[in-house]
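**Student:** The opening residue of the sequence shown carries number 1 in my numbering; numbering runs sequentially from there. One structure follows; several queries about it will come next.
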Amino acid sequence: MPVKLVLSDETLMVTRSDDNCYHFTQWMEVEPQETSIVTLKSNQVIHLKKTLSETSQIIDQDDSENLIADDNHVGNQNVTETSITENHRANEYSEAVAEISSSEENQIQGPVAAYTATQNGDSSSMTPITFYVRLHMTRSHQEANIHISASKLNDVINDCKVLEKLPQVSEQDYLQPIGGLAIYNGLRCHHCKMICGSTGFMKKHHLQLHHHLDMPTSWPACKMQHLNNGPDTRAWFEVHPSGHPATLSYEEAIIKKLYLDLEHSKVDHQSQNTREICPWLLTTKWHVHTEPYMTKELRELVAFPKKDEFPGLSNAVLHYLNAGLALLEGTDSLTLQKLNTEDPLKTGINNTPFHRLQQDDSIKSYGNLVTCLLAMLLRPKQQYQIPLPAILVTHIQKLQQAIDDRSDIEDHIHHVLIDLWMTRWNPSQDNSIPCPSHRFLALNSVQHDGGHADASHNTQPIAKLKFAIRVTFLCQIKKMSAT
């Protein structure tokens with residue numbers, strides 16, 4: 001049952017969750033219902049009535065023992081812990097959670113008093129920052145009996161340009177731990193810079209953002225810190241302890257970061273020193289290829305299709321690969337050995353014939369990668385363009401039409417893949433990476449910060465594409481032999 005809390009300058013709605021925590025939000029007028037109305041003033045206590053239409057009253061402290069507030073959870077009890085979600089606007093006091101604890105005095109104290117008290121006639125409107133400061137004083141220094149003027153505190157906050165939200169910290173911001181913050185053991189995602197404290201949460205993250213890839217059995221360990229204590233808004237960032245205690249305070253670390261940012265701003269951010277580039281990128285030159293383009297656009301081009309983007313495509317790709325693997329049983333060993341050979345002229349024919357994967361369920365991750373490749377070709381382009389021959393463009397358009405019609409998708413997938421993988425792509429001065437599959441691998445390695453994944457993270461995508469190429473060629477061999 002909601003409670004209407006009437007302050008001197010604002011009205012709040014108070015609701016209680018199942019775990020007996022109170023939530024304070026701005027009051028919204030609703031239809032009359034079973035609702036309690038509360039009026040709160042300094043050095044006074046509350047009196048609750050049962051409907052919105054009734055007028056609230058203020059009673060003496062002597063009668064406070066008889067008060068009943070929201071199913072007997074206010075009276076001889078006081079609010080002792082409150083927090084505000086920082087992602088809301090400054091004037092929206094939403095999700096301020098108040099835990100109820102016992103007190104020896106029958107008057108309103110704790111954070112509610114810190115939030116609503118109007119000492120010396122100070123009734124300035126609170127912001128989340130001033131609320132946090134007064135909440136901290138109430139929770140941690142209540143015995144000092146320190147009174148803070150909200151208006152003066154607001155003036156100081158405005159003069160110092162204090163941020164209303166905590167800064168977003170990335171692993172580039174702080175390599176060393178921030179002094180005064182606890183260091184926790186965490187896990188790092190294989191495919192992005194996400195870190196967390198539990199295997200369960202990491203599995204959930206993988207299913208949400210990397211569901212087209214195989215679920216890892218383990219994740220790299222790391223050390224991490226966070227700036228805030230809110231369970232729903234806690235932002236972890238990775239740190240790298242050197243074995244020595246952290247010497248920088250939070251303020252010193254911020255200043256150091258500002259100096260580093262100023263130094264970085266003096267150079268061209270688009271250029272990269274070859275000494276800072278790994279041998280893998282020096283060989284592939286992928287960073288040169290992707291440098292002129294927006295990271296978001298590149299990552300979206302090769303992302304796994306959303307639910308309604310290309311309906312039926314991923315299932316058709318998976319069925320196509322499985323149908324190709326089913327042809328293995330009727331193919332002679334020599335053909336499969338040649339199919340499994342990288343370069344027969346250099347190495348001779350491989351003695352091991354092309355065969356199925358060791359785990360049948362792994363084929364789904366292979367199909368997901370091919371789906372992303374086809375999605376890149378199907379998606380409309382913005383700044384980043386992929387020059388294609390006319391015959392391939394025609395087959396891509398027919399594949400799109402087949403997806404729209406929900407018919408013969410697998411046949412058109414085969415035509416696109418054959419054009420893609422049987423065309424000789426010759427580099428030129430204007431197009432150093434003409435092959436769309438090669439471009440897909442380059443874009444697929446782009447990280448959130450615009451950098452590229454190292455070589456170890458690219459071996460799996462390359463191996464999966466090579467496997468899909470062999471399956472496609474096996475399908476083509478069978479089609480040609482049948483005619």
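Backbone N, C-alpha and C fix where the C-beta goes; we use that ideal spot for every residue, glycine too.
Can you tell me the Cβ-Cβ gap for L420 and L392, rounded? I've got them flagged as a contact below 8 Å.
**Tutor:** Here the question's residue 420 lines up with position 420 in the sequence shown. Here the question's residue 392 lines up with position 392 in the sequence shown. Their Cβ separation, rounded to whole angstroms, is 7 Å, which keeps L420 and L392 in contact under 8 Å.
**Student:** Name the DSSP bridge partner or partners of Q383?
**Tutor:** Residue numbering aside, residue 383 sits at position 383 when the sequence shown is read from its first letter. DSSP output for Q383 lists no bridge partner at all.
**Student:** Counting only the same chain and skipping the five closest in sequence on each side, list residues whose C-beta sits under 6 Å from that of T274.
**Tutor:** As a first step, residue 274 is located in the sequence shown; it is residue number 274 there, counting from the start. Model confidence at T274 stands at a pLDDT of 43, short of 50, so the residue's coordinates are unreliable; what they give is reported in the following sentence. Excluding residues within five positions, none has a Cβ falling inside 6 Å.
**Student:** On the criterion of 16 or more Cβ atoms from any shown chain inside 10 Å, does K464 qualify as buried, or is it exposed?
**Tutor:** Here residue 464 refers to the residue found at position 464 of the sequence shown. It is buried - the Cβ of K464 has at least 16 other Cβ atoms within 10 Å.
**Student:** Going residue by residue through the segment 345-380, where are the continuous alpha helix (DSSP H) segments of at least 4 residues, counting only ones entirely within it?
**Tutor:** Correct list: 363-378.
**Student:** Could you please give me the residues that DSSP links to K223 through a beta bridge?
**Tutor:** In the sequence shown, residue 223 corresponds to position 223, counting from 1. Its beta-bridge partners are N185 and V239.
**Student:** Here's the rule I'm using: 16 or more other beta-carbon atoms within 10 Å means buried, otherwise exposed. How should T472 be labelled?
**Tutor:** Taking the first residue of the sequence shown as position 1, residue 472 is located at position 472. Flag for T472 reads buried.
**Student:** Give the DSSP-derived three-state secondary structure of K478 in the structure shown.
**Tutor:** Indexing the sequence shown from 1 puts residue 478 at position 478. Three-state result, K478: helix.
**Student:** Would you please state the rounded distance, in angstroms, between the beta carbons of L443 and I462? I believe it to be under 8 Å.
**Tutor:** If you number the sequence shown from 1, residue 443 lands on position 443. If you number the sequence shown from 1, residue 462 lands on position 462. With a Cβ gap of about 14 Å, L443 and I462 do not count as contacting.
**Student:** Hey, quick one: how far does the alpha helix (DSSP H) through M202 stretch, first residue to last?
**Tutor:** What you label residue 202 is simply residue 202 of the sequence shown in a count that begins at 1. Per DSSP, M202 belongs to the alpha helix (DSSP H) from T199 to L209.
**Student:** How many angstroms separate the CA atom of P353 from the CA atom of L327?
**Tutor:** As a working note, residue 353 is residue 353 in the sequence shown. As a working note, residue 327 is residue 327 in the sequence shown. Those two C-alpha atoms are separated by around 13 Å.
**Student:** Alpha carbon to alpha carbon, how far is P344 from L187? Give it in angstroms, no decimals.
**Tutor:** Counted from its first residue, the sequence shown places residue 187 at position 187. Counted from its first residue, the sequence shown places residue 344 at position 344. Each residue's alpha carbon lies about 44 Å from the other.
**Student:** Extract the residue ranges of the alpha helix (DSSP H) inside the segment 424-451, only unbroken runs of 4 or more that lie entirely within it.
**Tutor:** Here the runs fully enclosed are 436-444.
**Student:** So, is A482 buried or exposed, given that buried needs 16 or more other C-beta atoms within 10 angstroms?
**Tutor:** The residue labelled residue 482 in the question sits at position 482 within the sequence shown. Answer is exposed; the Cβ neighbour count stays below 16.
**Student:** For S123, name the three-state secondary structure that DSSP assigns.
**Tutor:** Mapped onto the sequence shown, residue 123 falls at position 123. Any reading at S123 needs caution, since the residue's pLDDT is 40, under 50, leaving its predicted position unreliable; the model's value is listed next. S123: coil per DSSP, three-state reduction.
**Student:** Provide the residue(s) that pair with C196 in DSSP beta bridges, ordered along the chain.
**Tutor:** Here residue 196 is taken as the residue at index 196 of the sequence shown, counted from 1. In the DSSP output, where bridge partners are listed per residue, C196 has L187.
**Student:** Can you name, in chain order, every residue of its own chain whose Cβ lies under 8 Å from the Cβ of E297, other than the five neighbours on each side?
**Tutor:** Your numbering for residue 297 matches position 297 in the sequence shown. Once the five neighbours on either side are set aside, the close Cβ partners of E297 are Q382, Q383 and Y384.
**Student:** Output the boundary residues of the alpha helix (DSSP H) element that contains L163.
**Tutor:** The sequence position of residue 163 within the sequence shown is 163, counting from 1. It is not in any alpha helix (DSSP H) - L163 carries neither H nor E in the DSSP assignment.
**Student:** Whole angstroms are fine: how far does the CA of H355 sit from the CA of Q337?
**Tutor:** Position 337 of the sequence shown, counting from 1, holds the residue named residue 337. Position 355 of the sequence shown, counting from 1, holds the residue named residue 355. About 9 Å.
**Student:** Do you know whose CA, among M194, H212 and T199, lies nearest V370's CA?
**Tutor:** Residue mapping note: residue 370 aligns to position 370 of the sequence shown, counting from 1. Residue H212 is the option with its Cα nearest to V370.
**Student:** Which residues bound the alpha helix (DSSP H) around S333?
**Tutor:** Numbered from 1 along the sequence shown, position 333 holds the residue referred to as residue 333. S333 to L339 is the extent of the alpha helix (DSSP H) around S333.
**Student:** For P279, report the span of its alpha helix (DSSP H) as first-last.
**Tutor:** Sequence index remark: in the sequence shown, residue 279 carries index 279 (1-based). P279 -> alpha helix (DSSP H) spans P279 to T284.
**Student:** Should M422 go down as buried or exposed, given a rule of 16 or more other Cβ atoms within 10 Å for buried?
**Tutor:** Translated into the one-based positions of the sequence shown, residue 422 becomes position 422. Exposed, because fewer than 16 other Cβ atoms sit within 10 Å of the Cβ of M422.
**Student:** Count the CB pairs spanning the segment 398-407 and the segment 420-439 that are closer than 8 Å, and state whether there are at least three.
**Tutor:** At 8 Å Cβ cutoff, the stretches do not touch.
**Student:** Of the choices I178, M194 and V156, whose alpha-carbon is the least far from that of H448?
**Tutor:** Mapped onto the sequence shown, residue 448 falls at position 448. It is M194 whose Cα lies nearest to the Cα of H448.
**Student:** Considering only the alpha carbon of each residue, which of I469, H457 and L474 lies closest to G330?
**Tutor:** On the sequence shown, position 330 is the one that residue 330 refers to. The shortest C-alpha separation from G330 is found at L474.
**Student:** With 16 as the cutoff for other CB atoms within 10 Å, does Q487 come out buried or exposed?
**Tutor:** Here the chain comprises residues numbered 1 to 483, so residue 487 is not present and cannot be evaluated.
**Student:** Cutting at 8 Å between CB atoms, please list the residues of its own chain near M215, excluding the five before and the five after it.
**Tutor:** By 1-based counting over the sequence shown, the position of residue 215 is 215. For M215, where only same-chain residues beyond five positions count, the Cβ hits under 8 Å are K203, H206 and L207.
**Student:** I need the straight-line Cα distance from H484 to N154, nearest angstrom please.
**Tutor:** Residue 484 lies beyond the stretch modelled for the chain, which goes from 1 to 483, so this question has no answer here.
**Student:** If you draw a straight line from the alpha carbon of K285 to that of H141, how long is it in whole angstroms?
**Tutor:** Counted from its first residue, the sequence shown places residue 285 at position 285. Counted from its first residue, the sequence shown places residue 141 at position 141. Approximately 59 Å, taken between the alpha carbons.
**Student:** According to DSSP, is G330 helix, strand or coil?
**Tutor:** Stepping through the sequence shown from its first residue, residue 330 is reached at position 330. The answer is helix: DSSP assigns G330 an H, G or I state.
**Student:** For A453, does the three-state DSSP call read helix, strand or coil?
**Tutor:** Counting from one through the sequence shown, the residue named residue 453 turns up at place 453. Looking at A453 - three-state DSSP - the assignment turns out to be coil, as it is neither helix nor strand.
**Student:** Taking the alpha helix (DSSP H) that L420 falls in, what are its first and last residues?
**Tutor:** Taking the sequence shown and counting its residues from 1, the one referred to as residue 420 is at position 420. Where L420 is concerned, the enclosing alpha helix (DSSP H) stretches over I409 to W421.
**Student:** Among residues of its own chain, excluding the 5 on either side of L339, which ones have a beta-carbon nearer than 7 Å to its beta-carbon?
**Tutor:** By one-based count along the sequence shown, residue 339 stands at place 339. Only F354, R470, F473 and L474 meet the Cβ criterion.
**Student:** Kindly give me the distance between the Cβ atoms of F304 and L378, rounded to whole angstroms, as I take these residues to be in contact under 8 Å.
**Tutor:** In the sequence shown, residue 304 corresponds to position 304, counting from 1. In the sequence shown, residue 378 corresponds to position 378, counting from 1. About 13 Å separates the two Cβ atoms, so there is no contact after all.
**Student:** Under 7 Å between the Cβ atoms of L399 and V416?
**Tutor:** Taking the first residue of the sequence shown as position 1, residue 399 is located at position 399. Taking the first residue of the sequence shown as position 1, residue 416 is located at position 416. Contact flag set, yes.
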